[in-house]
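Residue numbers (UniProt numbering): 1 to 418.
Below is one structure, written out as structure tokens; the observations come after it.
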């Protein structure tokens, strides 16, 4: 017995995505989606771009409408989905009340694949006993599905609807009965068994299905490879961004350390100058005070000394003034400041360093207290790195550079050839 999930899946397969009802006159679109004929006409009337409502694939060339009387002729050129039509009809039959078509007052338990009638148990037995229906195939409704009912429908002769198709005429592409074969198709050279033709078609369909399945698998592999490329691109991007951030942080730390060092040197130089100038200034202030005091004494002697004592007073202040250091000499102090000049050459060097961040790898080896570096990539400019410091070499071949003394942080070393 079909489950609710199976029924839901079957319903979704046999329902039109536009009207959400069972397909009526289903048309197969170029993209392999299916729509009711009247739904397709309605869709094209309101969407002249003629794109599938499910995948936006082209249904038809909009220019075709101008060449015909309207969308109807365009739609009628699309093939009917006969398999879907059969499945829809089987679904409709099985969804009806299971009432016996013979007695019409009993519940049906079986269905005749030849007549399409549902039968109760009694009518089923009678159906099998009648000479006219004895050869009909009867199946139980309990195990019948829409797919099985559609597949096992009675294949009638294309001329005589009451006779089964037993032969196939390739010349006319028609399923026929023995009566047709002995009359209308007597002159046809290659009439074969209908069962043989069905087997050939099944084999062709199986081959097409396998071919499409293989193409799907190959497409899935290709899509998987593209997904892997996207994942790899994402991984490499994250790795590169992390390396860039790390390199920039190292450069920022180096610049900050250089800035702190220059500040320290500059402030130390300023302090040294201030101490020297302040000492000289203090000495000059002391001398000036003594000059002022002696000038006041001289003025007092000049103004207030009695004439008889002026000689002695003058001699006294003369001796004192002669002992003073009256020279005024300002010492020239050269303030030596550490400066950083960022010119075009410096900027170009930084640009080269950034450009080679991903091409040069540090291979420092501790030898006693010395360090060695190895150039690992020779291009126009070579960057030699030691932790946060870099040096560059304009020309040359691969080489190992050895420092005789321990390397100091925040120092720029020049690499010279031997």
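Even glycine gets a Cβ: it sits at the ideal position worked out from N, Cα and C.
Taking the Cα positions, residue 79 is about 16 Å away from residue 61. Assignment of residue 289 by DSSP, reduced to helix, strand and coil, places it in the helix class.
Where residue 82 is concerned, the enclosing alpha helix (DSSP H) starts and stops at 82 to 95.
Ranked by Cα distance from residue 84, the first of 311, 18, 117, 27 is 27.
Within the model, the alpha-carbon separation for residue 108 versus residue 91 is close to 16 Å. Between residue 137 and residue 113, the C-beta spacing is below 8 Å.
Between the C-alpha atoms of residue 121 and residue 110 there is a straight-line separation of about 8 Å. At a cut-off of 4 residues, the continuous stretches assigned as alpha helix (DSSP H) that sit fully inside the UniProt domain "B box-type" (95 to 141) are 121 to 129. For residue 79, the secondary structure class from DSSP, reduced to helix, strand or coil, is coil. The segment 94 to 104 and the segment 122 to 131 touch, with no fewer than 3 CB-CB distances between them shorter than 8 Å. By the C-beta density criterion, residue 219 is exposed, having fewer than 16 other C-beta atoms within 10 angstroms.
In its chain, beyond the 5 residues on either side, 150, 153 have a beta carbon closer than 7 Å to the beta carbon of residue 86.
In the DSSP assignment, residue 176 is bridged to 167.
Only residues of its own chain outside the window of five on either side were considered, and among them 36, 39 have a CB closer than 7 Å to the CB of residue 19, listed in chain order. Between the alpha carbons of residue 286 and residue 317 lies a gap of roughly 19 Å.
A Cβ-Cβ separation of about 17 Å leaves residue 160 out of contact with residue 188 under the 8 Å criterion. Contact check between the segment 241 to 258 and the segment 302 to 322: fewer than three CB pairs, one atom from each, fall below 8 Å, which does not count as touching. The segment 291 to 305 makes contact with the segment 320 to 327: 3 or more CB pairs, one atom from each, lie closer than 8 Å.
As computed with DSSP, residue 192 is found in a beta bridge with 168.
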